[in-house]
């Protein structure tokens, strides 16, 4: 009624909506309670974090972000407000394409990692894997390398062919970015790309120790596979399929380099972003 006072007479609107004039004036003079004001401000911040994360954050992560901002609020309250406003984090359907070809005669490295996914510092342990990326213009494959201490994706490459060059480019990017010292453990599955002569020689030139999963044991490389599941849930299957390979490249760059590494809070490192966690490590070590 208030929004249409300039268009219609108050008496007419009260009659049509079956509202008394005294009721209208009483509503107009009521002061909004401090509790309601706080809820309105809280709702605004919840909506902001939800949309700022490209609708990927659920109530646990938004709760952590609010705590960082100084809010005193329960996670359950955040969840209730999100449900009230229809804010639901993206979900993904299950879909799997085999990207590991272990049927080859190349040498297999021993499993040095042995499911010990804890690292005491950056560039101590890296894990690598390939995953399928759907695209209307044709299939794509993403090779990723993750640092187990910071959870940062230190190297990645997107290509329409699942070749040794794909994983080599990701490795070279990671090395150029981080310049790790000798002795870093590089763990992967038994795929022919990682077992190739070229890849093994490159690892040796960088002073890295190769490690490979046991045959058929997905848990040996669980961290990077879990990351790829997150990537698909938040960036791929919750959105319309990429129309072109160029679009896929641009959106994956935005997700990996801008959102995931620099912004997305990770529960395993105290709800910080990987780059923030890495920065704090070097600040404390100085």
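Residue numbers (the numbering used here): 329 to 614.
Using N, Cα and C, we set each Cβ at its ideal position, and we do this for glycine too.
Here residue 535 has 510 as same chain residues with Cβ atoms under 6 Å from its own Cβ, once five neighbours each way along the sequence are excluded. In the structure shown, the three-state DSSP call for residue 558 is helix. The beta carbon of residue 473 sits closer than 6 Å to the beta carbons of 454, 456, 482, 483, 498, 502 from its chain, once the five residues preceding and following it are set aside; these are given in chain order. CA-CA distance, residue 543 to residue 436, rounds to 10 Å. Partner residues in the beta bridge of residue 538, as assigned by DSSP, are 514. In the same chain as residue 556, and ignoring 5 residues on each side of it, the C-beta atoms closer than 6 Å to its own belong to 459, in chain order.
In terms of Cβ geometry, residue 590 and residue 580 do not form a close pair [threshold 7 Å]. Of the candidates 391, 486, 384, 607, the residue whose Cα lies closest to the Cα of residue 371 is 391. About 6 Å separates the CB atoms of residue 577 and residue 486; that is less than 8 Å, so the two are in contact. In the DSSP assignment, residue 340 falls within the alpha helix (DSSP H) that extends over 338-345. Annotation: residue 496 to residue 508 spans about 16 Å, alpha carbon to alpha carbon.
For residue 490, the three-state secondary structure derived from DSSP is coil.
Of all C-beta pairs linking the segment 557-577 to the segment 437-446, fewer than three are shorter than 8 Å, placing the two stretches out of contact. With a cut-off of 8 Å on Cβ pairs, the segment 523-533 is not in contact with the segment 558-566, counting fewer than three such pairs.
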